[in-house]
Structures are given as C-alpha cells and as structure tokens.
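Residue numbers (our numbering): 4 to 376.
This is how it looks when you write it as structure tokens:
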C-alpha cells in the first residue's frame, strides 16, 4: 500500500506494510522479514507545455481615498509556461480568452466632512471673551453617514474654527467684595485667609481682573501672615483598652498610644518626640474568669485496709483553676473522680493448705513442724 504526493517535478508516494488477510497496516519490519520487495516511492512527473494564458498582477493602491476620481491599475500580459518550468512573455494574440481589465474605479464615495456644533454662550458677561463649539470629522459614505472618524480622515485645510471672540458690552458697575479674615486657629497655621470676588450690582460674579479700573488697580489680597500664632500643645493620647486576649486565665490587653495635638474638636498625630513625660503603657496583663471552669485532680490511693479477703482504699480529689488553686464551685460534682474503691479482694489462704498445717487454734498457719513439750 502507498500514499501519493505530487510536486512540480516529482510524483512521490509512501509505501507501507499491511497484513494480507485483514489489510490492516502493520510494522514495516514485518515486510522486510518476509523478504517482500518495497515498491519505488518517487518518479519524475510526465509534464507537457502549457497553453498561453493571461498573467494578472496585483491591483495598485487606489489613487484617492474618497471622492469621484479614484482609480487603480494592474499589470496584465500573455505568457507561456513550458514543461521544464520556464516562462516567457508572448504576444497577446497567443491568449485565446478575453484580456482582463487593467484599470478600475475605486473609493468612489463622498469624502468625510468637518461638522460643527452650535456656538456656546459668550464666556464672559461683559468685555472681551470667547465662544466655543465642537468640530468633528464625520463620514459621508453611504451607510456610514454621521459616523465619527479620526481628525486625520478630513482635509486639515478645510477644518472649521472651534473658537471665536465675543463681547457682550463693556463691564460697568463692578467692584471687589471680600469676606472677613479667617483667623489662625491651629498651632501650625501660618496664614489668615479670606475670599475675594468681583460682582456687579445684581450679585453676578465675574473674573477678578474685570474689577480692575483706574481707581482699583490691584486685586485685594486673599491671604496674610497670622496676626496671632496659636501655641502648640502636645499630649499623650490613649485609646480604650482592648478585651483581654483570653477568655479564661492570664492574658494581655492593648491600646493605641499616640502623641497628638487637640484642637477644634479634632486630633492631629505628631512625632512622639514632641510629647513630654513617659509614654503610657500600650500593653498590660489581665485575668479573665468569665468563661472559666475548674479541673478535677485526684491524689494517690491509700494502702488497702486488708491484705486479702477484700479491703478498701481511699484518695482525695480537688477542683483546681488555671493557677492550680482550689475553686470547688467551678467543677461539676457529677464529674468528680471516685474517692473509694475495693482492693485485695482475693480470698485469704487457709492454714489447712499450708506446708506445716495449722497451729492448735486451727486458724494460725504453722511455720514449722509441731513439737509437743
């Protein structure tokens, strides 16, 4: 079996090995092992000279981007391709089909135009001022009428003005008005300030320079140095303590401590080096017992009251807190450890079973042979 590929000078194929029964592709080594002859995989193409045909080049860029005069050209000639790949230009008469066009119209649509909005009101109520309007470049192409385009798309030489001068008449009856000085109230203030405005008799505001006249040649000052400098008082200021860090036992609580100036109902934080005296503690120990419970602790068992035959032994139990101090009210009595228990419950040995038997009282175990005196 083989897969065939064709190029301009050779025709090629890729032989591969298949199972003769299933026709499934298998490893090529199996065919080699079977001494099967591998088919040739390439040979020269059988080619002939081509008929003369038209060569059509790419269209050149359009001579215009818009308007009614756009056109573009391309190269067209008759050529012949030989079997060996050589190409030659021949007379147009050798091409039997109609010669393709070499010129065509392009970009034949209305050019973008500058469009202007309405003029704004005069920027001042009197005297020399300006009016403004928006000027944009918009498409006039069919289907895109009014589409906003970059300014570069319109002819810069035909751009419309977006600003012009205007004058609603001379300025009369204008004068300066000033508010009271805002005195220095903070210790770091360096200037007192006030507002300065230019208004007419009807209270309409104008730019400050409109009030300048032969009699009023300077705009009144709107700031000056403080007449009285306020002293700075630096104080340590601490926030409320936080909650204790533990719900039971020993912990700590914290607070924020800053050096600050208190003025006009506010606080201004400053460098701690400006505050006198020792800085208050920002962290302290605390003890919290709101959620505390005790823990039962038991002592060792006492010796058993009997060596055999069943006895008892006892121990003490105490409820302790986180500091190992007695707090009986913090423990649940139902969880108290047992205080007594049985011990040495095995039966005591009988003298009758001992090596030397019983003493005359038939109870005491004899420790040796019995001798009568």
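For each residue, glycine too, the CB sits at the ideal point set by N, CA and C. Given the structure is predicted, the values throughout are model-derived calculations rather than measurements.
Exercise for the section: State whether the segment 205-223 contacts the segment 241-255, with contact taken as three or more CB pairs (one from each stretch) at a distance under 8 Å. Expected result: As far as the Cβ criterion goes, the segment 205-223 does not touch the segment 241-255, which means the pair count is below three.
Practice task
Would you kindly report the start and end of the unbroken alpha helix (DSSP H) that includes residue 13?
Solution key: In the chain shown, counting from the first residue as 1, residue 13 sits at position 10. From DSSP, residue 13 is part of no alpha helix (DSSP H) but of the beta strand (DSSP E) over 13-18.
Exercise for the section: Keeping to the same chain, check which residues put their C-beta closer than 6 Å to that of residue 334; ignore five residues upstream and five downstream. Expected result: Locating residue 334 in the chain shown gives position 331, where the first residue counts as 1. Excluding residues within five positions, the ones whose Cβ falls inside 6 Å are 297, 299 and 322.
Problem - Enclosing beta strand (DSSP E) for residue 131 [first to last residue] - result: Numbered from 1 along the chain shown, position 128 holds the residue referred to as residue 131. 131-135 is the extent of the beta strand (DSSP E) around residue 131.
Exercise for the section: Report all residues from its chain with a CB closer than 6 Å to the CB of residue 7; omit the five preceding and five following residues, and keep chain order. Expected result: Looking up residue 7 in the chain shown gives position 4. Unreliable placement is indicated for residue 7, whose pLDDT of 38 sits below 50; the coordinate value is still reported in the next sentence. Result list for residue 7: 16, in chain order.
Problem - Beta-carbon proximity check, residue 347 vs residue 309, cutoff 9 Å - result: The residue labelled residue 347 in the question sits at position 344 within the chain shown. The residue labelled residue 309 in the question sits at position 306 within the chain shown. Yes, these two residues count as a Cβ contact at 9 Å.
Exercise for the section: Taking residue 34 as part of the alpha helix (DSSP H), name the residues at either end of that continuous run. Expected result: Reading the chain shown from its first residue, position 31 is the one you call residue 34. For residue 34, the enclosing alpha helix (DSSP H) stretches over residues 31-36.
Practice task
Flag this pair as yes or no: are the beta carbons of residue 121 and residue 157 separated by less than 9 Å?
Solution key: Translated into the one-based positions of the chain shown, residue 121 becomes position 118. Translated into the one-based positions of the chain shown, residue 157 becomes position 154. The answer is no: Cβ separation not under 9 Å.
Exercise for the section: Could you round the C-beta distance between residue 275 and residue 282 to whole angstroms and report it? I think they count as a contact, below 8 Å. Expected result: Against the chain shown, residue 275 aligns to sequence position 272. Against the chain shown, residue 282 aligns to sequence position 279. Confirmed, Cβ separation roughly 7 Å.
Practice task
Go through its chain and collect everything with a Cβ distance to residue 197's Cβ below 7 Å, but skip five positions before and after it.
Solution key: What you label residue 197 is simply residue 194 of the chain shown in a count that begins at 1. For residue 197, where only same-chain residues beyond five positions count, the Cβ hits under 7 Å are 181, 182, 183, 184, 185 and 225.
Exercise for the section: Measure the alpha-carbon distance for residue 360 versus residue 350 and round it to whole angstroms. Expected result: Mapped onto the chain shown, residue 360 falls at position 357. Mapped onto the chain shown, residue 350 falls at position 347. Whole-angstrom Cα-Cα distance: 18 Å.
Exercise for the section: State the Cα-Cα distance for the pair residue 279 and residue 238, rounded to the nearest angstrom. Expected result: Counted from its first residue, the chain shown places residue 279 at position 276. Counted from its first residue, the chain shown places residue 238 at position 235. Answer to the nearest angstrom: the Cα atoms are 8 Å apart.
Exercise for the section: Could you pull out every residue in the same chain whose Cβ sits closer than 8 Å to the Cβ of residue 124, ignoring the five residues on either side in sequence? Expected result: Numbered from its first residue, the chain shown carries residue 124 at position 121. Closer than 8 Å at Cβ, skipping near neighbours: 134.
Exercise for the section: Would you be able to state if there are at least three C-beta pairs under 8 Å between the segment 27-34 and the segment 63-77? Expected result: A contact is defined here as three or more CB-CB pairs under 8 Å, and the segment 63-77 fails this definition with respect to the segment 27-34.
Exercise for the section: May I have the straight-line CA-CA distance separating residue 38 from residue 58, to the nearest angstrom? Expected result: Position 35 of the chain shown holds residue 38. Position 55 of the chain shown holds residue 58. Rounded to the nearest angstrom, the two C-alpha atoms are 52 Å apart.
Problem - Per-residue DSSP class, three states only, for residue 45 - result: Along the chain shown, one-based indexing puts residue 45 at 42. DSSP places residue 45 in strand when its eight states are reduced to three.
Problem - Cβ contact check for the segment 101-118 and the segment 146-163: 3 or more pairs under 8 Å - result: Three or more beta-carbon pairs separated by less than 8 Å link the segment 101-118 to the segment 146-163, which places the two stretches in contact.
Practice task
Locate the beta strand (DSSP E) running through residue 214, then write down its first and last residues.
Solution key: For the purposes of this step, residue 214 is identified with residue 211 of the chain shown, where counting begins at 1. No beta strand (DSSP E) holds residue 214; DSSP gives it neither H nor E.
Practice task
Use the C-beta contact count for residue 270: other C-beta atoms within 10 angstroms, 16 or more gives buried, fewer gives exposed.
Solution key: Start at 1 with the first residue of the chain shown, and residue 270 comes out as number 267. Exposed.
Problem - Three-state secondary structure assigned by DSSP to residue 235 - result: The count along the chain shown starts at 1 and reaches residue 235 at position 232. DSSP places residue 235 in coil when its eight states are reduced to three.
Exercise for the section: Pull up the distance between the alpha-carbon of residue 177 and that of residue 202, whole angstroms please. Expected result: For the purposes of this step, residue 177 is taken as residue 174 along the chain shown, with counting starting at 1. For the purposes of this step, residue 202 is taken as residue 199 along the chain shown, with counting starting at 1. Going by the C-alpha atoms only, they are around 6 Å apart.
Handout entry: Between the CA atoms of residue 28 and residue 78 - distance to the nearest angstrom
Key = As a working note, residue 78 is residue 75 in the chain shown. As a working note, residue 28 is residue 25 in the chain shown. Just so you know, the alpha carbons of residue 78 and residue 28 end up roughly 52 Å apart.
Exercise for the section: Tell whether a beta-carbon distance below 9 Å holds between residue 252 and residue 295. Expected result: Stepping through the chain shown from its first residue, residue 252 is reached at position 249. Stepping through the chain shown from its first residue, residue 295 is reached at position 292. In this structure, the beta-carbon distance from residue 252 to residue 295 falls below 9 Å.
Handout entry: Among 291, 101, 236 and 261, nearest to residue 80 - alpha-carbon criterion
Key = Here residue 80 is taken as the residue at index 77 of the chain shown, counted from 1. Shortest Cα-Cα distance from residue 80 to any of 291, 101, 236 and 261 involves 101.
Exercise for the section: Compare the Cα-Cα distances from residue 139 to each of 128, 152 and 146 and report the closest residue. Expected result: The residue given as residue 139 occupies position 136 in the chain shown. The residue with the shortest Cα to Cα distance from residue 139 is 152.
Exercise for the section: Using alpha carbons as the reference points, say which of 84, 293 and 345 lies closest to residue 313. Expected result: Walking along the chain shown from the start, residue 313 turns up at place 310. Taking only the C-alpha atoms, the option nearest residue 313 is 345.
Problem - Nearest-angstrom Cα separation, counted from residue 167 out to residue 128 - result: For the purposes of this step, residue 128 is taken as the residue at position 125 of the chain shown. For the purposes of this step, residue 167 is taken as the residue at position 164 of the chain shown. Taking the CA atoms as reference points, residue 128 sits about 15 Å from residue 167.
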